Structures are given as C-alpha cells and as structure tokens.
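Visitor:
Residue numbers (the working numbering), protein chains in the order written: chain A, 169 to 612; chain B, 5 to 231; chain C, 32 to 112.
#1: What is the rounded straight-line gap between the Cα of residue 85 of chain C and the Cα of residue 393 of chain A?
#2: What are the residues that DSSP puts in a beta bridge with residue 10 of chain B?
#3: Using only the alpha-carbon positions, how far apart do residue 94 of chain C and residue 58 of chain C sit?
#4: Taking CB distances under 8 Å as the criterion, tell me whether residue 83 of chain C reaches chain A.
#5: Along the chain, where does the beta strand (DSSP E) that runs through residue 91 of chain B open and close?
#6: Does the region 107-114 of chain B come within contact of the region 71-81 of chain B, defined as at least 3 CB pairs closer than 8 Å?
#7: Return yes when the Cβ of residue 450 of chain A is within less than 8 Å of the Cβ of residue 618 of chain A, no when it is not.
#8: If you draw a straight line from the C-alpha of residue 341 of chain A to the C-alpha of residue 205 of chain A, how long is it?
#9: Keeping to the same chain, check which residues put their C-beta closer than 7 Å to that of residue 41 of chain C; ignore five residues upstream and five downstream.
#10: Spell out the partners DSSP gives residue 212 of chain B in its beta bridges.
#11: Which residue's Cα is closest to the Cα of residue 203 of chain B: B/124, B/210 and B/193?
#12: Take residue 539 of chain A and list the residues in its own chain whose beta-carbon comes closer than 6 Å to its own, dropping the five residues that flank it on each side.
#13: Let's test the definition: count the other Cβ atoms within 10 Å of the Cβ of residue 131 of chain B and tell me whether it reaches 16, buried, or not, exposed.
#14: Any residues in the region 120-140 of chain B with a beta carbon nearer than 9 Å to a beta carbon of chain A? Which ones, in chain order?
#15: Where residue 122 of chain B and residue 473 of chain A are concerned, what is the direct C-alpha to C-alpha distance, given to the nearest angstrom?
#16: Cutting at 7 Å between CB atoms, please list the residues of its own chain near residue 557 of chain A, excluding the five before and the five after it.
#17: Is it the case that the Cβ atoms of residue 311 of chain A and residue 323 of chain A are separated by a distance below 8 Å?
#18: In terms of residue numbering, what span does the alpha helix (DSSP H) encompassing residue 557 of chain A cover?
#19: For chain A, find out if any of its Cβ atoms is closer than 8 Å to the Cβ of residue 44 of chain C; answer yes or no.
#20: Using three-state DSSP, classify residue 328 of chain A as helix, strand or coil.
#21: Have a look at the DSSP bridge pairing and note the partners of residue 120 of chain B.
#22: Using the beta-carbon of each residue, which ones in chain C are nearer than 7 Å to residue 367 of chain A?
#23: Comparing C-alpha positions only, which one of A/304, A/400 and A/214 sits nearest to residue 83 of chain C?
#24: If you draw a straight line from the C-alpha of residue 358 of chain A to the C-alpha of residue 570 of chain A, how long is it?
#25: What whole-angstrom Cβ distance do residue 88 of chain B and residue 104 of chain B have, given they're in contact under 8 Å?
#26: So, residue 3 of chain B versus residue 166 of chain B, is the Cβ gap smaller than 8 Å?
#27: If we ignore side chains and look at the alpha-carbon of each, how far apart do residue 419 of chain A and residue 320 of chain A end up?
#28: DSSP state of residue 33 of chain B, grouped into three classes?
#29: Under the three-state reduction of DSSP, which class applies to residue 317 of chain A: helix, strand or coil?
#30: Helix, strand or coil, according to DSSP, for residue 206 of chain A in the structure here?
#31: Considering only the alpha carbon of each residue, which of B/25, B/169, B/151 and B/201 lies closest to residue 175 of chain B?
#32: How big is the Cα-Cα spacing for residue 406 of chain A and residue 448 of chain A?
#33: I'd like to check one pair, residue 191 of chain B with residue 205 of chain B: are the Cβ atoms closer than 8 Å?
#34: Given that residue 370 of chain A touches chain C, what residues does it touch there, using C-beta distances under 8 Å?
#35: Any Cβ of chain B within less than 8 Å of the Cβ of residue 579 of chain A?
#36: Identify every residue that forms a DSSP beta bridge with residue 55 of chain B.
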C-alpha cells in the first residue's frame, strides 16, 4: 500500500506530523492537556472564591495576570510582524519561517486576550464593557486593537494556507472533508493564484501598523496614569520594541524545538537562524538603548517619588529581578550573538531573552505599584499557586494549540518553498541585475 | 449646585481613630480578618497616613486622617472602562457597585491609593450583621469600593429638604467621620457657599492639599499644624 | 444524489470564515455606534470614540472585504467543467 504522504514528492517530510504523528505527539498532548486542565480548575476555583486566592493586595493590585497579559500579547508580535515584513521586503530566506511565525501570533494572541478576563474581579459582568463602555478608558482601546489584530493575523495566517490545504485535499488521505471545506475550491489556476497573492499583499501591508498599534495601546494602559515611572512618553515605542524583541526570541525557540522534533533540518537551516539571530541582536541593542534612556531620564532630576521606584528596582527588593533582566536581555544575548552565532548559541540567547522580557514586564508593573506616593505599609508581592498555575496553563495552552495545528496542517508553507525553487532564483537574479549599472548607451 | 468638600484641622486632630471606626460602622465596611489584613488587604475607607519627618534626634511623625480625596480631576474616573466610578452630583466621586467589573484599573490609577478591593466575599460575624446600616448597599466579592463622603446621607438630606420644600444648603448633611470626631477636627460642607465654614477654612493660609501640583484638584483640605 | 448533498453542505460550511469575519466587522461597528450614542446621551465627550472608530471600522471592513474577495475570486477562478 502506498504511503499516505508519497504523493507529496520531495517535501513529504513536511506532512509527517499530520500522517505519522508518532508516540511523542500523544505524550506531549497528554502533558499539555493535564497542565492546561489544572489551570482551568485553578481558574474556576478563583472565579467562585474571588481574587483573594492570588497574591494580590493593596497596593499591588495588578501583577502576575497583567504581566502575563502584556507578555503574551508582546510575543504575538513575532509572527505576523516578522512574517509580514520579510514578505514585504521579498527576503528569500523567509520561506520556511512565515507560517511558523504566523501560528505563534494567532495562538498566543488568543491566550493573551483571555488574561484581562482572568484578572477581572467579576468576569460574569464582562458584558458591562460593551453595555456601558467608555472609550476614554485605555482598556477599551486594548479591546479594539486586539480584536483588529486577531482578525488581521487570522486572515493573514489563513490566506497562505489555502494552497497547502488544497494540496492535502488532493493528495492526502485523512481529514479530506476538513481540507475540502477550508481550501475554498482552490485548484491552482492562474486566476486563483492571483487572487490569493493580492489578498496576501493587502493583508501584509495592513498588518504592520495594526501590530504596532496593539502594543502601543497596551503601553498606554500604564502611560495614561500618573504613577511614577509609568507616566512616561517612551512607553509606546519601548513596548513595541520589547514586543518585537520577545517575539523574535520566542520564534527562535519555537523554530529550534520544531526543527528537532519534526526533523526539519533541511528546511530550517543554519542560515535562517543566523539571520534571525542578527535581528535578535539588533533588537537587544535597541532594547538596551530604550532602557538606558528611560532610567537615565528618571535618575537625572532625582524626583523623590520616581527615585523611590528607581531604587526599589536597582538596589531594593527587586534588584535580583532587575539585574537579572539586564543580564538576560542585554548582556548574555549580545555576547552570545556576537561571538557564538551557531544554533546552540542562538537558542540559549533566545531562552534568556524570553525570560528577560517576562522579567521586564514584572519590573515595569510591580515596583511602581509598590512604591505608593503616600507612605503606606507595603509588603513584598509573592504569587500564589493559582497565578503560577494559570501562567503555566497559558504556556501549556500555547503548546497545545501549536501541537494541534501541526497535527492538521503543515508547519512550513510548502507552496512557498516550491515557488522558491521554481521562481525564486530567477527572480533574485533579475532583481540583482536591475540594481547593477546598465551597459553604456551611445547618445547621439 | 454644591461642591462638597472637607477640611481637616490637623491642630485639632488627636489621631484617636474615631473617624475610622465610625466610617466602618456607617458604611458596612467589611472586616477582612487578621490573616487577610496581614496580607495588606484590610479595607479602610477612612484611613490614617503616617508621615515620618526628619531624623533622630529631630524625628517627628505626623498622623493624618485620609478619606477619599474626592478629586475634581479624578484619575480613577478617567480610566474606568464601564463608568462604574464617576463624578456625581455635588462633585462626589461615586462608585456603582453592580456595574464594577473588578478590573482594578481605578485602584491602580489613583495617586493617593484610596481605593480598596473586595478580594473575597465580605462576611460579618452574627453580632455585626445586626448592626449593618440599611442605607448603604453591601458590596459583593470582586468590586472596588472607597469613601463616598457618605453619599447616602446626602440622598436622605435631599429628600428631607424636598419634603420641607426648600433647597439643600450647607450643613444639611455631613459624613459619619465629621459627625463623630470628638474634637470637631473634620469640617464638611459646600465649598461654593461663601457663608459656609469650609469655605472660610479652605481659604485660610494654613490650608493645603495633598500633591496639589499634580492637578487632581482634591476637595479635601488640611489645615497645617500651627507651630 | 449523495454527492450533491455533500457538495451543498460543504459549500455552506465554506462560507463560515466569511460569515465570522463579517460578524466581527459589523458587530464592532454596531458596538461603536452604540457607544457613541451612549456617550452623547450621558453628555460625555464622544470625540475619542469617534476618532478610534474612524480607524478601526475601515480596517475591520477592509479585512472582511479582503477575505470575501478571496472567497469569491477562488470560486470564480475554478477550472471550467
């Protein structure tokens, strides 16, 4: 009997996760389901008992859930932004990366969008936001921006999937009904190819400003208050840069993991990691520049309330988190990416950045809250099992979403790879030729 | 239209804490219990702030009663997504408990940290339940609350004035803290009525407000201790 | 006969993504218009709701239109016969 994936030719291995899942898939599935299930239980418990089951108090009214909210939404900038920018700039090395990145965005955006509801004291009244909403509140701006981004990234993920889904409908053996529905009758005719390309181009262009607006608006959540070290104009670009930074790091981590477990060494080659590693290095330096600027501006005028927050981070109880952040976001990545730029070094740097960017969100939110303007007694915030469990559940949900996606659809855009083989080289040749000076033309 | 304000004379305040106790009783403020209080979750609509000044041997502490500042440019109102905290009549910043979704944005935006959150469902001992004030609604779990200048007393005073066929005037109502203060350190009234005591006091050279330069425009004034 | 029915069900199910995006686009439009009206009724300033709606609504509608365009275009571009 013919192997199910034999029709797929030289890219057959890309369809292995769908037709030959293997034992590891089921083990991973069970583990993630267990963790996510436990997180759901913890949340239900919180829903009925109240937010008292967390470590939150007065004045640290916001902590883990909002940190994770900003963290997850920040990661969502990975996919769509990088994929869109690489496609727009016609970078040929984007081909195996685009869908991996786009999936990250959609899955993590859904998880991130859940977190404000997890953080609410009365989620059963969530509809009040729609019935009595005030657009003056940055929370409504968040709602609008995240909805728009979710829609944009889902459409932007879906459109390039259509040719691949059609391929599986025609040549594959499983889930034919699903692929028939989702492929929308795609047959590869020139007219259809043109339609998809046009749709993708419009989405590519639209997604970039939408993505920028999302994290800008999240930063406004903090910047629109008068709290010390929150009320800063640098927050909008700081958060956007931080989001792209953390997104690139998570993308690299995902790429390394996928490469290992799905044997994609021939597709996700060292050069792809090297290029993304360069982007990570640049973002790390850019992040360092913004951070330096923020803290110098705070330190110079020695305004007492701001200095209280400043010292809390520099030498106070949060010193370990603050300097840990600097080490994992700036020192280690810059050193690794400058001197040990192989996949292993890039992987370690990316893990460091992922941790460091989470610490950055923690460092932004909690110290400003703890350092109240009026001298109240404040303790040291410690998260409880509920908060940690829900955080791990969020990560498990992300892995779960990814796993399920990999089970149904190829992780690498097969048609884009094939297009690269057939047309890419000629296109690039023509492009380079167009940059070079023309032969001299005799002018009469 | 009135602009209700408070003036607290720090020369008269003995830091006895009666205002805190009476506020608790008047407004059905939840008693969270010692474990929750240790976690910094105690609710004090009227609280005291302890300012430490100077160093030994010239150290002094100043304990100041602190209700909600009732800002006329209220940061909390600006950020509420559902209009649950809003500037009501007389300039009193109110809290609509049934509408609050518990996002705690207002608690985080307040520069004076005067807002409190119900982390669990408020519960009272049997004896306290008998003493609950029927004029003040009990808050459920997961909503924000704060000092409201005893706005339920304002409602009662308005109805009384209407029944008597006259307008509401300064002196018709005062919050529980002002009423119970044994030294009369807390004055309350209409800041726009030039004949009121608060009007005269808030223009005194001893009068100041907390973080005046932040532009929140609080209606709670303090009279500096005369030295 | 069976194929015809299956084909019909598939065609209806294929519409789902388009229906969903238009629901979101139209739903949001309705929501923002409601909020602007509410803001007016409460004598609050609706300026920022109007401002944001001027950006968000065209964006959402454009995205819904792009998806519809691709849907219709793919149906039209099929091989004849």
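Don't be surprised by glycine CBs; every beta carbon is placed ideally from N, CA and C.
Predicted, not measured: the structure shown is a model, and the values here were computed from it.
Guide: This is what the structure gives:
#1: Going from the Cα of residue 85 of chain C to the Cα of residue 393 of chain A covers about 25 Å.
#2: According to DSSP, residue 10 of chain B bridges with B/192 and B/224.
#3: 14 Å
#4: For residue 83 of chain C, the closest Cβ of chain A is nearer than 8 Å.
#5: 89-91
#6: yes
#7: In the structure as shown, chain A begins at 169 and stops at 612. Residue 618 of chain A is therefore absent and cannot be evaluated.
#8: Inter-residue distance for residue 341 of chain A and residue 205 of chain A is about 32 Å (C-alpha atoms, whole angstroms).
#9: none
#10: According to DSSP, which records beta bridges pairwise, residue 212 of chain B is partnered with B/226.
#11: B/193
#12: 476, 477 and 480
#13: exposed
#14: 120, 121, 122, 123, 124 and 125
#15: Cα-Cα distance, rounded: 27 Å.
#16: 206, 207 and 210
#17: Going by C-beta atoms, residue 311 of chain A is not nearer than 8 Å to residue 323 of chain A.
#18: 553-576
#19: So, interface residue.
#20: helix
#21: B/149
#22: 97, 100 and 101
#23: Comparing Cα-Cα distances from residue 83 of chain C to each of A/304, A/400 and A/214, the minimum goes to A/304.
#24: If you take the alpha carbons of residue 358 of chain A and residue 570 of chain A, they lie about 32 Å apart.
#25: 4 Å
#26: Not covered by the structure: residue 3 of chain B. The range shown for chain B is 5 to 231.
#27: In a straight line, the C-alpha of residue 419 of chain A is about 19 Å away from that of residue 320 of chain A.
#28: DSSP, read as helix, strand or coil, puts residue 33 of chain B in coil.
#29: helix
#30: Helix, per DSSP.
#31: B/201
#32: 15 Å
#33: A contact, by the Cβ cut-off of 8 Å.
#34: Correct list: 93 and 97.
#35: no
#36: B/66
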